[in-house]
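Shown next, in structure tokens, is the structure this report addresses.
Residue numbers (the working numbering), protein chains in the order written: chain A, 451 to 778; chain B, 34 to 324; chain C, 3 to 405.
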């Protein structure tokens, strides 16, 4: 039996999925759409983290910091400079890219646990920095910044449901996510991707082959920070509020959890990661009011038992099994 | 001048706390080459057990102390055998996620079983004892003493006993270690047990100063982590010195340099800066790999 | 007179009689019906602020008691409480779930300033009551701009001002040091205190030091403040750090002529005892609630009723924390509002009743502290009295501040 799926089925499957994605916001209530928006935002953030940690092997426990800076950049641009919401995204990306590149340089000297500590320190310092009284006029200090949610630019009805602000943002986020994933896929499948993985697995050999290690690793940091920063900016738009308490060190830890659960070094894994960190805490909350965090912890451990390489790791293993069954 | 001295000594006193936690982290690292993020929460849980034994079961301090250390050792060993053994072959980050899961579970259990109001925890070194000096309370000198004892014991264990050697071998090169007959898996379990025991001692020394509540170790763990890495994650003495440095640095920065609003940030920047100059920590050994 | 003429007044009388016999209209908004009233609540059950989770639980326990006694006007309370981990983005998500999916009538006692700020605009846009929020920030009493949000406890700024007023009255030449938690709660107190000092703030306040919730100790801050030479301290700390501070001040021998402690940390059992009762003598604070570990209330009927309630309906709850008292009092206030609303359970009427409270006393509030609101007064509790700790209990003195 032919072990390849005919292209025809891949296309049909893809189109069906696309149709479902486009119809989804009209099939559910607004608050569910809001949750889906958050999933998309987290997926983009995890994609950024994955490029650095999954593909390039540099552990970051501090991506929440880039997310926070992107969110605040967008919030300040919208609140003080009245920049339209869609224009804040490229600005946040640029700002966080530069920041990540700069952070990447000292990170060059650090490996493994030391890099983890340095990035963890960055994440921990963020809330304090955001509350610093000298920049309070800009950041709103401990009170944060309240933003206005953008309204859809046109009105539209489907299945009897109007195009609300949440639904509009769903399509907007979906488009941004599609763009980011496409860019990442393009970047990673070519020379750059192979170089990233080479640097991760055999750094000395990679240098011997002519890859400029410092520039490369810093670039990886920069791109990764830029993407996660863009996700942060998107989150500011979707949620409509930023404050230092939204960006504690827990966020960085959850992004890492999402990356590992989804599957490191895999682009679609980011989507599963986003779904996990958005919905599993809610499930844990429903199971136990006394100690929802304990239930979440149990979920994490169980997940790692069953799928030590994340969802995509499991999918790949399953796929390999099916193919060998079909071939044998 | 006196104020400066007070700040330095207060920093050293805090540093003793960070150093104790750093020691537990080094222990676990030496045994498993992993950094256990759940170390702090396990230590807090152990301290709660001691508290319950003293206050609810009415045991005397030292009996409760040693019983808790024994229970923590067993607990750590069991955690490794049951929860972590299946993960031995898994990638580093998978293990990290499991540690995070353990962290959440222990923290939530502490809150659920022992509730959130702060509790006073006894110090075995009474306030008016001969140990007290002008700059240090009796308890702080006492905890420093305990820390020194643990440090020397650990040092001697790793350097001079065959079990210690076996443990280091198992962590550094598990495959070769197996070939010479070392039971690698049990070494890992032993390492976890010892680390949990050290953590319990650290928790019981810390609690009289900062008061016992489920989130007692959250802030301390970071500084302990920083201290361990600053000193070199494979060097117990370095870790303790690192902890002391972090304690003093944090105090001085807050009091004299940048003010309390940014002292955390600046302290961390300095630590990271130091690491970029000496990537293996101040006293760590440079790891040379064959190409 | 013709028959027709006689009939008309008779007919009018008959109509009048019949109209009196027709029952008052029942009006409902989503979340209320003949059988039940759905009430939503969001508190941090997980994360670093999980100590506040018990507020959500004690409220649930009180509603259990109310339901066991027949409910409110014949309706049972359905209480839905969710966790936000003190993360404002999560608070918004949970608020939307409660309003849009669970369709609760109102949201009640959400905890924390940032979480409440995140949902402030949303609740007012959706016109759903955000009642009796569990934070002392002053911005919750703004009926003109946010008619659907109401606070409950005396604002932190007011408390800060009360301290500085007292200070100016008693020690206008004092040198003041301030220790504060570096977040919205700490800064609110600071703001009120400084405003109360007015122009004298610059000359009187000689040192300020902040700390983060993640700091292990505040020892360094105390040392810094002591070396400034101040003889008065305004201590804005949460329980754990308050205990540390009081203990350290005694340890380093800092003699204070006045030590103001914020009301958040006045618990005898969970703050002053661990710190050392003898070290806490002379502390000044304000109170509006009865503190459950204060020996003054041991034989008080009100306290005993609370104790009985805890033992029966919330046996797992701690008896030493004032969180379980404040939740209890909050719940009483809401029950009063709903009782006043009667059969008109629209959101608009709920807000109207909340803005027409006039209770001279409430269980577990200090005698003399009332609960009063009106169309332009959205601060239900404003009265506070200064009290001093004498080594065993808090002794009230002086006048009662607030209207």
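The C-beta atom is built at its ideal place from N, Cα and C for all residues, glycine as well.
Remember, predicted model here, so these are calculated numbers, not experimental data.
Straight-line Cα distance separating residue j from residue i
i: residue 460 (chain A); j: residue 747 (chain A); result: 37 Å
i: residue 219 (chain C); j: residue 244 (chain C); result: 10 Å
i: residue 192 (chain B); j: residue 140 (chain B); result: 34 Å
i: residue 91 (chain C); j: residue 120 (chain C); result: 7 Å
i: residue 145 (chain B); j: residue 154 (chain B); result: 19 Å
i: residue 24 (chain C); j: residue 130 (chain C); result: Unreliable placement is indicated for residue 24 (chain C), whose pLDDT of 46 sits below 50; the coordinate value is still reported in the next sentence. So the alpha carbons of these two residues sit roughly 30 Å apart.
i: residue 683 (chain A); j: residue 496 (chain A); result: 14 Å
i: residue 88 (chain B); j: residue 94 (chain B); result: 10 Å
i: residue 690 (chain A); j: residue 140 (chain C); result: 22 Å
i: residue 453 (chain A); j: residue 771 (chain A); result: Because residue 453 (chain A) carries a pLDDT of 47, less than 50, the predicted location of this residue cannot be relied on, and the following value inherits that uncertainty. Going from the Cα of residue 453 (chain A) to the Cα of residue 771 (chain A) covers about 12 Å.
i: residue 89 (chain C); j: residue 526 (chain A); result: 20 Å
i: residue 204 (chain C); j: residue 753 (chain A); result: 58 Å
i: residue 46 (chain B); j: residue 155 (chain C); result: 39 Å
i: residue 757 (chain A); j: residue 703 (chain A); result: 19 Å
i: residue 55 (chain C); j: residue 189 (chain B); result: 46 Å
Element boundaries [beta strand (DSSP E), containing residue i]
i: residue 178 (chain C); result: 178-183
i: residue 95 (chain B); result: First-last for residue 95 (chain B): 94-112, but that is the alpha helix (DSSP H), not the beta strand (DSSP E).
i: residue 79 (chain C); result: 78-85
i: residue 110 (chain C); result: 108-110
i: residue 300 (chain B); result: Per DSSP, residue 300 (chain B) belongs to no beta strand (DSSP E); it is in the alpha helix (DSSP H), 296-310.
Range covered by the alpha helix (DSSP H) that runs through residue i
i: residue 140 (chain B); result: 125-147
i: residue 563 (chain A); result: 562-580
i: residue 732 (chain A); result: 719-737
i: residue 543 (chain A); result: 535-557
i: residue 764 (chain A); result: 760-777
i: residue 58 (chain B); result: 35-65
i: residue 213 (chain C); result: No alpha helix (DSSP H) holds residue 213 (chain C); the beta strand (DSSP E) holding it covers 207-213.
i: residue 287 (chain C); result: It is not in any alpha helix (DSSP H) - residue 287 (chain C) instead sits in the beta strand (DSSP E) that spans 285-289.
i: residue 190 (chain B); result: 171-193
i: residue 516 (chain A); result: 513-530
i: residue 591 (chain A); result: From DSSP, residue 591 (chain A) is part of no alpha helix (DSSP H); its letter is neither H nor E.
i: residue 72 (chain B); result: 72-88
Residue i - partner residues in DSSP beta bridges
i: residue 753 (chain A); result: Paired residue(s): none; residue 753 (chain A) is not in a bridge.
i: residue 346 (chain C); result: C:29
i: residue 398 (chain C); result: C:389
i: residue 407 (chain C); result: Outside the shown range of chain C (3 to 405) lies residue 407 (chain C), about which nothing can therefore be said.
i: residue 236 (chain C); result: C:180, C:262
i: residue 42 (chain C); result: C:82, C:109
i: residue 376 (chain C); result: C:379
i: residue 607 (chain A); result: A:612
Cβ neighbour criterion (16 or more within 10 Å) applied to residue i
i: residue 457 (chain A); result: exposed
i: residue 200 (chain C); result: exposed
i: residue 392 (chain C); result: exposed
i: residue 217 (chain B); result: buried
i: residue 236 (chain B); result: buried
i: residue 660 (chain A); result: exposed
i: residue 293 (chain C); result: buried
i: residue 310 (chain B); result: exposed
i: residue 569 (chain A); result: buried
i: residue 607 (chain A); result: exposed
i: residue 172 (chain C); result: exposed
i: residue 57 (chain B); result: buried
i: residue 318 (chain B); result: exposed
i: residue 466 (chain A); result: exposed
i: residue 538 (chain A); result: buried
Residue i Cβ short of 7 Å to the ligand COA heavy atom set
i: residue 485 (chain A); result: For the ligand COA, the structure offers nothing, since it holds no ligand at all.
| Taking Cβ-Cβ distances below 8 Å as the criterion, which residues of the region 253-287 of chain B are in contact with chain C? | 253, 255, 256, 283, 284, 287
| message | Beta carbons nearer than 7 Å to chain B: which residues of the region 513-540 of chain A have them? | response | none
| message | Which residues of the region 737-762 of chain A have a Cβ closer than 8 Å to any Cβ of chain C? Give them in chain order. | response | 739, 740, 741, 742, 743, 746
| task | Could you name the residues of the region 195-223 of chain C whose beta carbon sits closer than 7 Å to any beta carbon of chain B, in the order they occur along the chain? | result | 211, 212, 213, 214, 216, 217, 218, 219, 221, 222, 223
| Interfacial residues, the region 293-313 of chain B to chain A, with Cβ spacing under 7 Å | 294, 295, 297, 298, 301, 304, 305, 308, 309, 312
| Near-chain A residues of the region 145-159 of chain B (beta-carbon distance less than 7 Å), N- to C-terminal order | 145
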